[in-house]
Amino acid sequence: MRVFQCAVMGSGGVGKSAITVRFINGSYLEWYDPTNRKQFNVDNQPCLLEILDTAGIDQYLTLNDMFIRESEGFILVFSLCQRDSFEEVLRTYDAIQRIKLSEGGRIIPIVIVGNKSDLIDEREVDTTEGEKLSLNWNCSYYETSARTSININSVFEDIVRQLRKNELSKRQEKNKDYLNNNYNISRRKRIKTKKCVIL
Ligand SMILES: Nc1nc2c(ncn2[C@@H]2O[C@H](COP(=O)(O)OP(=O)(O)OP(=O)(O)O)[C@@H](O)[C@H]2O)c(=O)[nH]1
Ligand SMILES: [Mg+2]
């Protein structure tokens, strides 16, 4: 089975671990194994997702670059109750673009997550702001609560759908290149065989 790798990134304390644990274990803030893997069905097809729960601390920036290189998809988490963390998503997005585009990537599977939606009275970021960002970046946006489990599964299902789509388009591109190469070779051969013989 194809194993997809995704990283959960964002500022410290936004709920990256809580979201990951909620998805993997179905529990809230219990200890878990940080080499998270979960096999589940998306659109009736099984998949295995390996989730890298990163630490949201600035001094790990170089480490973050390494995580970006190693991951195929990204769940960018901010807290709906902390505007700074929303702005951090922009910086992480820039880093992902810089690294992945320099590696020749084109479509980068990304889901933006505004967490802690249960803390209604403490909100600092509006739904429309998250939605606007996702429209600009052509990715998805969910508002979640790891505490109440709202929308947690949808986030991971969405990233798997994007990862599958990405893989399919890469495969199609490869096939196109292969066919083009073959066409050029056979064309060259044909041109070669059209020799004129002078008697
Ligand atoms: N109310 C509420 N609190 C949450 C939610 N998710 C996480 N928290 C709380 O936020 C705090 C930080 O959660 P973590 O999951 O440790 O955050 P993190 O992003 O993994 O933090 P670092 O690993 O330090 O970067 C904890 O005290 C959680 O109880 C949520 O959906 N709702
Ligand atoms: Mg954590």
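Numbering-wise (this note's numbering), the sequence shown opens with residue 70 and increments by one.
Each residue gets a CB set at the ideal place from its N, CA and C atoms; glycine is no exception.
None of the values given here were measured: they were computed from a predicted structure.
- Remark: C-beta atoms of I137 and T89 do not approach each other more closely than 9 Å.
- Under the rule that a run must span 3 or more residues, the beta strand (DSSP E) segments found entirely inside the region 194-242 read 209-212.
- Between F147 and S80, the CB-CB gap stays under 9 Å.
- In this chain, the alpha helix (DSSP H) harbouring A164 covers 152-171.
- The count of Cβ pairs closer than 8 Å, one atom from the region 215-235 and one from the region 105-123, reaches three, so the stretches are in contact.
- Our two residues, D153 and Y210, have alpha carbons roughly 18 Å apart in a direct line.
- Per the C-alpha coordinates, the member of C208, S218, K245 positioned closest to I228 is C208.
- As far as DSSP is concerned, P178 takes part in no beta bridge.
- Burial is judged here by how many other beta carbons sit within 10 angstroms of a residue's own beta carbon; I267 has fewer than 16 and is exposed.
- About 28 Å separates the CB atoms of N133 and M70; that is not less than 8 Å, and the two are not in contact.
- Distance from the CA of T217 to the CA of V111, rounded to the nearest whole angstrom, comes to 22 Å.
- Excluding its 5 nearest sequence neighbours in each direction, N220 has C-beta neighbours in its own chain below 6 Å: Y211, T213, listed in chain order.
- With contacts defined by Cβ atoms closer than 9 Å, V182 and C150 do not form a contacting pair.
- When DSSP states are grouped into helix, strand and coil, A76 belongs to the strand group.
- Membership of I120 in the beta strand (DSSP E) is indicated by the continuous run 114-122.
- Between G125 and K185, the gap from beta carbon to beta carbon reaches 9 Å or more.
- In terms of Cβ geometry, I165 and I176 do not form a close pair [threshold 9 Å].
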